[in-house]
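Input: a single structure, listed below in structure tokens.
2 protein chains.
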Amino acid sequence: MRDITRDNITAAVIASFGGAHDERFRLIVSRLVHHLHEFSRETALTHEEWRAGIDFLYRAGKISDDGRNEFVLISDVLGLSSLVDLLQTSAGATDHSALGPFHAAGSPALPVGGDLVRNNAGEPVLIRGRVLDDAGAPVSGATLDFWHAAANGLYWQQDPAQDKHNLRCTMTTGVDGRYAFTTVRPGPYTVPYDGPVGDLLRAGGRHAWRPAHFHFIVAAAGHLPLTTELFCAGDEYLEQDAVFGVRAGLVLELKKNGNAEDVRGLERDLEPPFYRVEFDFRLKRDA
Amino acid sequence: MRDITRDNITAAVIASFGGAHDERFRLIVSRLVHHLHEFSRETALTHEEWRAGIDFLYRAGKISDDGRNEFVLISDVLGLSSLVDLLQTSAGATDHSALGPFHAAGSPALPVGGDLVRNNAGEPVLIRGRVLDDAGAPVSGATLDFWHAAANGLYWQQDPAQDKHNLRCTMTTGVDGRYAFTTVRPGPYTVPYDGPVGDLLRAGGRHAWRPAHFHFIVAAAGHLPLTTELFCAGDEYLEQDAVFGVRAGLVLELKKNGNAEDVRGLERDLEPPFYRVEFDFRLKRDA
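Chains A and B, in that order, give the protein sequences.
Taking my numbering, the leading residue of the first sequence gets -10, the next gets one more, and so forth.
Taking my numbering, the leading residue of the second sequence gets -10, the next gets one more, and so forth.
Written out as structure tokens, the structure reads:
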């Protein structure tokens, strides 16, 4: 007969998974059980608190659907998503940052120098730069998948006034590794706070705001894909991003110094001076 | 601007909850964040593994409803529920063990000595004993809430062949602190394994069986309530309870030594020899 006590239970649970065939699975489960148990031991978690935690997860399940995953949001506001991004960042490569909930496959392809401003209100921005490998050489044929919120802080999925695929595109670099497009400056916005995560933020005295950002997924054959965000210096929420996505190397100095030369050959003719930012993405070779 | 790195992110997340009014909430969140982050750091959790974890929780949410809480089951099979029970056990009091998913309020009251065998198949058992305080004195007016599975391992909620409230009752002790009732020996059964928890058990090379057990909630004014289970010695699953509820002090030696004297004054007249077990519950005074 097994006498389970507070001293042997953690070893007993870990041992119960000893028959798992996958070594990595065994490692992950054993560390998960260790930390879950240590957490409850250190806090001497009560039944009432345990029930509150179970209820929190149950409600997260109930509010989740195809268009919203509250568990991703829990991971985001507890910094877990960001930590996983940071752990996957390779030396010499651009930092990873949040994917966020509004990425959608099938964005329209735009040629280098194409325009996303169209009929959007807001301050125009020229974003340009190169995709480089970890030795600094241009990567040709790299694909950028790019999306961001409008000046009102809403993505097209949230805003009936925006066209489908507004402010998003894919773009493929040429032999010089260059990309360039014109768009508008996005606004800051909140993560959804009408569910359990909102309760958590309120109990914690926290707000739900994220600083304004541009999303990118950059991929190229022979390299590790990069999911990241670029932020704008001076944003009031850079200090306290609700999902902890800000890294020093991902903050752009937006300067209103764009001139007529900059827009030569672009699809859209912006009137100087306009915001111009340069950013080179660095991809790690897939060894 | 906040530069979030893998070295400062844990402190940043914990600090973000610094405005919480409730000190206990701050402690629990800070230890939760610490252990969640340490877990992902130690395992260098990949995006793919993170997504698998999120998907596991999402599916747990989808299969949960008013009659089934997969999050409780996750907590059970990872030993968390049992550890919380063990942490709440007071010195000098009977060990806590699992509440389980089949407790229901409103069980019919039975007098001391009442019968639950009725038309149930299975081996009859006389269970009797006392409710004591932590000094060993009888507690009069203590309420026992008692329920268990039938010989086929099913609770009445799972088995259309059983009447509502089959094999469950409440009972109040007299001045001698005694309780007694006749019932049948329950069968072992599995926790539900048709959802995410089933996938986890299969990946871990684990089964879903629990040893047979009787459930009790014992409560009395001036004492801390006790939720526990009693198991039967010799059960083949005592070594490997899927939810880690077995404690040495909760295993009953079922001996077939009940005699005619034992059933005198009971509602049901069992034919000797029958299984007879004695168990005294000890409640901690609510200081």
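We treat Cβ as the ideally placed atom computed from N, Cα and C, and that holds for glycine.
Give the straight-line distance between the Cα atoms of residue i and residue j, rounded to the nearest whole angstrom.
{"i": "residue 55 of chain A", "j": "residue 230 of chain A", "result": "25 angstroms"}
{"i": "residue 69 of chain B", "j": "residue 235 of chain A", "result": "34 angstroms"}
{"i": "residue 283 of chain B", "j": "residue 170 of chain B", "result": "Any answer about residue 283 of chain B is impossible in this case: the structure gives chain B only from -10 up to 276."}
{"i": "residue 42 of chain A", "j": "residue 178 of chain A", "result": "28 angstroms"}
{"i": "residue 7 of chain B", "j": "residue 115 of chain B", "result": "56 angstroms"}
{"i": "residue 35 of chain A", "j": "residue 71 of chain B", "result": "12 angstroms"}
{"i": "residue 102 of chain A", "j": "residue 155 of chain A", "result": "17 angstroms"}
{"i": "residue 142 of chain B", "j": "residue 152 of chain A", "result": "58 angstroms"}
{"i": "residue 93 of chain A", "j": "residue 213 of chain A", "result": "20 angstroms"}
{"i": "residue 161 of chain B", "j": "residue -8 of chain A", "result": "30 angstroms"}
{"i": "residue 18 of chain B", "j": "residue 46 of chain A", "result": "15 angstroms"}
{"i": "residue 226 of chain A", "j": "residue 133 of chain B", "result": "56 angstroms"}
{"i": "residue 15 of chain A", "j": "residue 32 of chain B", "result": "11 angstroms"}
{"i": "residue 245 of chain A", "j": "residue 180 of chain A", "result": "29 angstroms"}
{"i": "residue 192 of chain B", "j": "residue 11 of chain A", "result": "8 angstroms"}
{"i": "residue 216 of chain B", "j": "residue 23 of chain B", "result": "31 angstroms"}
{"i": "residue -4 of chain B", "j": "residue 75 of chain A", "result": "10 angstroms"}
{"i": "residue 87 of chain B", "j": "residue 30 of chain B", "result": "32 angstroms"}
{"i": "residue 352 of chain B", "j": "residue 274 of chain B", "result": "A question about residue 352 of chain B goes unanswered here, because the residues of chain B that appear run from -10 up to 276."}
{"i": "residue 144 of chain A", "j": "residue 218 of chain A", "result": "15 angstroms"}
Could you tell me which residues DSSP pairs with residue i in its beta bridges?
{"i": "residue 208 of chain B", "result": "B:132"}
{"i": "residue 137 of chain A", "result": "A:203"}
{"i": "residue 236 of chain B", "result": "Per DSSP, none; premise fails for residue 236 of chain B."}
{"i": "residue 178 of chain B", "result": "B:199"}
{"i": "residue 218 of chain A", "result": "A:204"}
{"i": "residue 170 of chain A", "result": "A:103, A:116"}
{"i": "residue 98 of chain B", "result": "B:159"}
{"i": "residue 285 of chain B", "result": "For chain B, the structure presents residues -10 to 276; residue 285 of chain B sits outside this window and is missing."}
{"i": "residue 57 of chain B", "result": "B:54"}
{"i": "residue 122 of chain B", "result": "B:272"}
{"i": "residue 127 of chain A", "result": "A:121"}
CB-CB under 6 angstroms to residue i, same chain, minus the five flanking residues each way: which ones, in chain order?
{"i": "residue 65 of chain A", "result": "232"}
{"i": "residue 48 of chain A", "result": "185"}
{"i": "residue 208 of chain B", "result": "132, 214"}
{"i": "residue 53 of chain A", "result": "59"}
{"i": "residue 119 of chain B", "result": "127, 166, 167, 269"}
Once the 5 residues before and after residue i are set aside, which same chain residues still bring their CB inside 7 angstroms of it?
{"i": "residue 146 of chain A", "result": "91"}
{"i": "residue 136 of chain B", "result": "91, 92, 96, 156, 157, 204"}
{"i": "residue 258 of chain B", "result": "252"}
Whose Cβ in chain B lies nearer than 7 angstroms to the Cβ of residue i?
{"i": "residue 217 of chain A", "result": "Ordered by position in chain B, no residue passes the 7 angstroms Cβ test against residue 217 of chain A, which lies about 13 angstroms from the chain."}
{"i": "residue 64 of chain A", "result": "43"}
{"i": "residue -5 of chain A", "result": "72, 75, 76"}
Residues of chain A with a CB under 8 angstroms from the CB of residue i: which are they?
{"i": "residue 47 of chain B", "result": "50, 53, 58, 60"}
{"i": "residue 77 of chain B", "result": "35, 36"}
{"i": "residue 195 of chain B", "result": "5, 6, 8"}
{"i": "residue 1 of chain B", "result": "68, 233"}
Note down, in chain order, every chain A residue with its Cβ under 7 angstroms from the Cβ of residue i.
{"i": "residue -2 of chain B", "result": "68, 71, 72, 75, 233"}
{"i": "residue 27 of chain B", "result": "24"}
Looking only at its own chain, which residues have a Cβ that is under 8 angstroms from the Cβ of residue i, when we skip the five neighbours before and after it?
{"i": "residue 121 of chain B", "result": "127, 128, 166, 269, 270, 271, 272"}
{"i": "residue 173 of chain A", "result": "105, 106, 109, 110, 111, 112, 113, 114, 139, 140, 156"}
{"i": "residue 238 of chain B", "result": "83, 84"}
{"i": "residue 190 of chain B", "result": "66, 182, 196, 197, 231"}
{"i": "residue 224 of chain A", "result": "177, 200, 201"}
If the cut is a Cβ gap below 8 angstroms, which residues of chain B does residue i touch?
{"i": "residue 192 of chain A", "result": "9, 11, 14"}
{"i": "residue 174 of chain A", "result": "Going along chain B, no residue has its Cβ under 8 angstroms from residue 174 of chain A, so there is no contact; the nearest lies around 17 angstroms."}
In chain A, what lies closer than 9 angstroms to residue i by C-beta?
{"i": "residue 30 of chain B", "result": "72, 76"}
{"i": "residue 241 of chain B", "result": "Within 9 angstroms Cβ-Cβ: nothing; residue 241 of chain B doesn't reach chain A, min ~11 angstroms."}
{"i": "residue -8 of chain B", "result": "235, 236, 237, 238, 240"}
Quick one: list the residues of chain B neighbouring residue i, beta-carbon separation under 9 angstroms, in chain order.
{"i": "residue 198 of chain A", "result": "Correct list: empty, because the minimum Cβ distance to chain B is about 12 angstroms."}
Return the residues of the region 13 to 25 of chain A that lie within a Cβ-Cβ distance of less than 7 angstroms from chain B, sorted by chain order.
-> Here the close residues are 14, 16, 17, 18, 20, 21, 22, 24, 25.
Quick one: which residues of the region 121 to 148 of chain B get their C-beta closer than 9 angstroms to a C-beta of chain A? List them in chain order.
-> none
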